[in-house]
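Participant: In my numbering, the protein residues as written are 16 to 378.
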């Protein structure tokens, strides 16, 4: 999840006149006094609401968070409350281009794994299986790149809620939320001087989802960062391409000619969300093209969720009901009708109420 980059579109308009106009009237024409055209053609709406300007200091912090002013390294703790407070510890490196590398130190089942993220890709090396997941996908970094524009467009709200010292560095705390009040809220602790993200908390309507924070940090040459840091060698690794670029479409209609089946779309999604990508994964067996799968990705700009769909050969039990969403970030169910049942998989961090409404709207 290209996660999920989005281009900025500039709309301009105007008229261009070339050549010259004669000042001598044609025969039979009268000379009329020259009338100056009005300076304003359209009247300003009387009830137009004037938006207050966005604090430039906040916009600067958000831009620096994506591309810090200095290379850095350190150790980071990540806690995921959904997994009974499961905690991991990583060695982390970052540079001024926005690239990040995380080497997992604990727990034992993750030790030796490496995660690499940049603006347009995600790579995860699994030490135990010697496999490398590769996704040319809009990553979390891309969502953060969009934040300044979303703030200026008033699609999200950002306020400065305080300051705190994290890993010996002064941090400004920014709280980001959707203007409709629903969905995910994110807090960033951003180094006031360099823009390094020192801490982050993600929560939804059900409470805290995850927390990450640096415990140590080194800057500049002391960080030991170079290009090789983000190009580690994984010998004899098996590459698992998660989301091939060739299979991405902007809409279901655009993908219709290659769809293995007609996907089910939610009748309603949370306010602010829209479909931002469709991925089609063909069947490995040419004799059963219907065995392929489809991924739908929705985004509000600061949060995303995905729906994976594949045909289900056997009908579900007659009394099957949609699952209760709860606080889980992944759940599965069966939707559709006789002759066209689909196995649905949701991945995201919507609030339980939003996720439940989404599930029940897919029919």
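A virtual CB, placed ideally from N, CA and C, is assigned to each residue, including glycine.
Which whole-angstrom value describes the C-beta separation of residue 227 and residue 92, a residue pair presumed to lie in contact below a C-beta threshold of 8 Å?
Facilitator: As a working mapping, residue 227 is identified with position 212 in the chain shown. As a working mapping, residue 92 is identified with position 77 in the chain shown. Sure, about 7 Å apart at Cβ, within 8 Å.
Participant: Look at the Cβ atom of residue 186, then the Cβ atom of residue 204, and state whether they are nearer than 8 Å.
Facilitator: Here residue 186 refers to the residue found at position 171 of the chain shown. Here residue 204 refers to the residue found at position 189 of the chain shown. In contact: residue 186 and residue 204 (Cβ atoms closer than 8 Å).
Participant: Going by beta carbon distance, what residues of the same chain come within less than 6 Å of residue 115, once the five residues before and after it are set aside?
Facilitator: As a working note, residue 115 is residue 100 in the chain shown. So the qualifying residues of the chain are 109 and 132.
Participant: When the distance is taken between beta carbons, is residue 292 closer than 8 Å to residue 325?
Facilitator: Counting from one through the chain shown, the residue named residue 325 turns up at place 310. Counting from one through the chain shown, the residue named residue 292 turns up at place 277. Going by C-beta atoms, residue 325 is not nearer than 8 Å to residue 292.
Participant: In terms of residues, what are the limits of the beta strand (DSSP E) holding residue 324?
Facilitator: Residue 324 sits at position 309 when you count from the first residue of the chain shown. Looking at the DSSP string, the run of the beta strand (DSSP E) that includes residue 324 is 319-326.
Participant: Residues bridged to residue 185 by DSSP?
Facilitator: The count along the chain shown starts at 1 and reaches residue 185 at position 170. Answer is 180, bridged to residue 185.
Participant: Is it buried or exposed, residue 72, if we count other Cβ atoms within 10 angstroms and call 16 or more buried?
Facilitator: In the chain shown, counting from the first residue as 1, residue 72 sits at position 57. The residue in question, residue 72, is exposed, as its Cβ has fewer than 16 Cβ neighbours within 10 Å.
Participant: Is it a yes or a no for the stretch 242-260 touching the stretch 200-218, going by three-plus beta-carbon pairs under 8 Å?
Facilitator: Result no; under three Cβ-Cβ pairs closer than 8 Å.
Participant: Leaving out five residues on either side along the sequence, give the residues of the same chain with a beta carbon under 6 Å from the beta carbon of residue 307.
Facilitator: For the purposes of this step, residue 307 is taken as the residue at position 292 of the chain shown. For residue 307, where only same-chain residues beyond five positions count, the Cβ hits under 6 Å are 275, 296, 297 and 298.
Participant: Report the rounded CA-to-CA distance for residue 352 versus residue 378, giving the unit in angstroms.
Facilitator: Translated into positions along the chain shown, residue 352 becomes position 337. Translated into positions along the chain shown, residue 378 becomes position 363. For residue 352 and residue 378, the distance between alpha carbons rounds to 8 Å.
Participant: Determine the direct distance from the alpha carbon of residue 374 to that of residue 218, and round the result to whole angstroms.
Facilitator: Position 203 of the chain shown, counted from the start, is the residue given in the question as residue 218. Position 359 of the chain shown, counted from the start, is the residue given in the question as residue 374. Cα to Cα, residue 218 sits roughly 20 Å from residue 374.
Participant: Would you call the CB atoms of residue 313 and residue 323 closer than 8 Å?
Facilitator: One-based indexing of the chain shown puts residue 313 at position 298. One-based indexing of the chain shown puts residue 323 at position 308. In this structure, residue 323 does not lie closer than 8 Å to residue 313 by Cβ.
Participant: Helix, strand or coil, according to DSSP, for residue 370 in the structure here?
Facilitator: The residue you call residue 370 lines up with position 355 of the chain shown. Looking at residue 370 - three-state DSSP - the assignment turns out to be helix.
Participant: Using CA atoms only, rank isn't needed, just tell me which of 268, 123, 200 and 216 is closest to residue 365.
Facilitator: Position 350 of the chain shown, counting from 1, holds the residue named residue 365. Of the candidates 268, 123, 200 and 216, the one whose C-alpha sits nearest the C-alpha of residue 365 is 200.
Participant: Can you give me the C-alpha to C-alpha distance between residue 119 and residue 175, rounded to a whole angstrom?
Facilitator: Counting from 1 along the chain shown, the entry for residue 119 is found at position 104. Counting from 1 along the chain shown, the entry for residue 175 is found at position 160. Computed Cα separation, rounded: 31 Å.
Participant: Return the Cβ separation of residue 234 and residue 140 in integer angstroms, given the expectation that the two are a contact with Cβ distance under 8 Å.
Facilitator: By one-based count along the chain shown, residue 234 stands at place 219. By one-based count along the chain shown, residue 140 stands at place 125. Incorrect: roughly 26 Å between the Cβ atoms, too far for contact.
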